[in-house]
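Participant:
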Amino acid sequence: MLVWYITFGLLGGVIAGMGMGGGTLLIPLLVVFAGVEQGLAQGINLISFPPLSIACLIVNAKQGLLHTEKLLYLVLPAVVTAVGGALLASVTDSKNLSVYFGIFLVVLGVFFLQNTLKKDEKSENSTAKAEKS
Amino acid sequence: MKAKSWTDDKKKKVFYLLGGLLVGFLSGFFGGGGGMVVVPLLCLAGKLSQKEAHATAIAVILPLSIVSGVVYILSGNYELSIGLPVGIAFVIGGVVGSFLLKKLPDKILGVVFGVLMIVGGVRLLC
Numbered sequence: 325m326l327v328w329y330i331t332f333g334l335l336g337g338v339i340a341g342m343g344m345g346g347g348t349l350l351i352p353l354l355v356v357f358a359g360v361e362q363g364l365a366q367g368i369n370l371i372s373f374p375p376l377s378i379a380c381l382i383v384n385a386k387q388g389l390l391h392t393e394k395l396l397y398l399v400l401p402a403v404v405t406a407v408g409g410a411l412l413a414s415v416t417d418s419k420n421l422s423v424y425f426g427i428f429l430v431v432l433g434v435f436f437l438q439n440t441l442k443k444d445e446k447s448e449n450s451t452a453k454a455e456k457s
Numbered sequence: 034m035k036a037k038s039w040t041d042d043k044k045k046k047v048f049y050l051l052g053g054l055l056v057g058f059l060s061g062f063f064g065g066g067g068g069m070v071v072v073p074l075l076c077l078a079g080k081l082s083q084k085e086a087h088a089t090a091i092a093v094i095l096p097l098s099i100v101s102g103v104v105y106i107l108s109g110n111y112e113l114s115i116g117l118p119v120g121i122a123f124v125i126g127g128v129v130g131s132f133l134l135k136k137l138p139d140k141i142l143g144v145v146f147g148v149l150m151i152v153g154g155v156r157l158l159c
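Protein sequences appear in the order of chains A and B.
Residue numbers for the first sequence follow the numbering used here, beginning at 325 and rising by one.
Residue numbers for the second sequence follow the numbering used here, beginning at 34 and rising by one.
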């Protein structure tokens, strides 16, 4: 099992490092192929994230990409509902939690695909404009 | 002009507050995936570029991961025997991913990842 844990951790990390949300891959891999309970897989994903993200934040801040104006308006209510959501997950049956997560993942996947295709159109347009000028 | 910027400012605060409530719940309940919602929120309500939104989203998700993670640990949803190998591999993979990002074409990456998410989601449903 250890080999699979390491392999899935690596895969999830690679996706996270590319800025595409590692948990959305790591959690289903752990649940479907390693037989880890849904709640446990979610907990492992949450704890795996901070060490990598702190390093990313430092790099991003140095590159001037961080825009924290008014961000507390987003973060403070989010912290409150995050605790609520985590508590709700802890009393939700793991099988049901899997189903809810599956639905969430399909919705995210559809939005993500749509966005990728739209973004491509936009960047093609902008290169066309740049070529014109 | 002043009045317009005031309403824009207020609008941004309201969107951030409402979006924050949703993002927090999703991050806590699903233990991940919140970033995928934060990025479009920062682009639309915060008027950030894709790149800035991706960078800033981490600053939003980090505190959420920490507080939710504590709740998961306290409620017994964390095991060091699995969490440690996964976590160490995750950090190594993350460094590799940040280098790969510059080398692989955006579109193919996006499509592959989108399809993977849908397949993963369907597998969990069945």
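Note that CB positions come from ideal geometry on N, CA and C, so glycine has one too.
Does residue 334 (chain A) pass the burial test, meaning 16 or more other C-beta atoms within 10 Å, or should it be called exposed?
Facilitator: It is buried - the Cβ of residue 334 (chain A) has at least 16 other Cβ atoms within 10 Å.
Participant: Is residue 138 (chain B) close to chain A? Criterion is C-beta to C-beta, closer than 8 Å.
Facilitator: By this cut-off, residue 138 (chain B) is not an interface position.
Participant: Within the 8 Å Cβ cut-off, does residue 394 (chain A) reach chain B?
Facilitator: So, interface residue.
Participant: So which residues of chain B does residue 369 (chain A) contact, with C-beta pairs closer than 7 Å?
Facilitator: Here the neighbours are 64, 65.
Participant: Within 8 Å (strictly less), CB to CB, does residue 336 (chain A) reach chain B?
Facilitator: Yes, residue 336 (chain A) lies at the interface with chain B (some Cβ there is under 8 Å from its Cβ).
Participant: Measuring only between beta-carbons, confirm whether residue 45 (chain B) sits less than 8 Å from chain A.
Facilitator: It does: the Cβ of residue 45 (chain B) has a partner Cβ on chain A nearer than 8 Å.
Participant: Along chain B, which residues have their Cβ under 8 Å away from the Cβ of residue 378 (chain A)?
Facilitator: Going along chain B in sequence order, the residues near residue 378 (chain A) (Cβ under 8 Å) are 95.
Participant: Per DSSP, what kind of secondary structure is residue 150 (chain B) in: helix, strand or coil?
Facilitator: Looking at residue 150 (chain B) - three-state DSSP - the assignment turns out to be helix.
Participant: Keeping to the same chain, check which residues put their C-beta closer than 8 Å to that of residue 139 (chain B); ignore five residues upstream and five downstream.
Facilitator: For residue 139 (chain B), where only same-chain residues beyond five positions count, there are no Cβ hits under 8 Å.
Participant: Should residue 341 (chain A) and residue 134 (chain B) be called a contact, given that it needs their Cβ atoms to be closer than 8 Å?
Facilitator: Yes, Cβ-Cβ distance for residue 341 (chain A) and residue 134 (chain B) is below 8 Å.
Participant: If we ignore side chains and look at the alpha-carbon of each, how far apart do residue 392 (chain A) and residue 143 (chain B) end up?
Facilitator: Cα to Cα, residue 392 (chain A) sits roughly 27 Å from residue 143 (chain B).
Participant: Can you pull the chain B residues whose beta carbon is under 9 Å from the beta carbon of residue 426 (chain A), in chain order?
Facilitator: Result: 153, 154, 155, 156, 157, 158, 159.
Participant: Suppose only complete runs of 3+ residues qualify. What are the beta strand (DSSP E) ranges in the stretch 379–442 of chain A, listed by chain order?
Facilitator: Runs of the beta strand (DSSP E) inside the stretch 379–442 of chain A: none found.
Participant: Can you name the start and end residues of the alpha helix (DSSP H) that residue 69 (chain B) belongs to?
Facilitator: First-last of the alpha helix (DSSP H) with residue 69 (chain B): 67–77.
Participant: Where does residue 120 (chain B) sit, in a helix, a strand or coil, going by DSSP?
Facilitator: Residue 120 (chain B) falls in the helix class under three-state DSSP.
Participant: Helix or strand or just coil, what does DSSP make of residue 334 (chain A)?
Facilitator: Residue state, collapsed to three classes: helix.
Participant: Taking only beta-carbon atoms, is residue 384 (chain A) less than 8 Å away from chain B?
Facilitator: Yes, contact with chain B.
Participant: How about residue 158 (chain B) and residue 347 (chain A): are their beta carbons less than 8 Å apart?
Facilitator: It is not a contact, given that the beta carbons lie outside the stated cut-off.
Participant: Quick check: what's the CA-CA separation for residue 131 (chain B) versus residue 338 (chain A)?
Facilitator: Cα to Cα, the separation comes out at about 7 Å.
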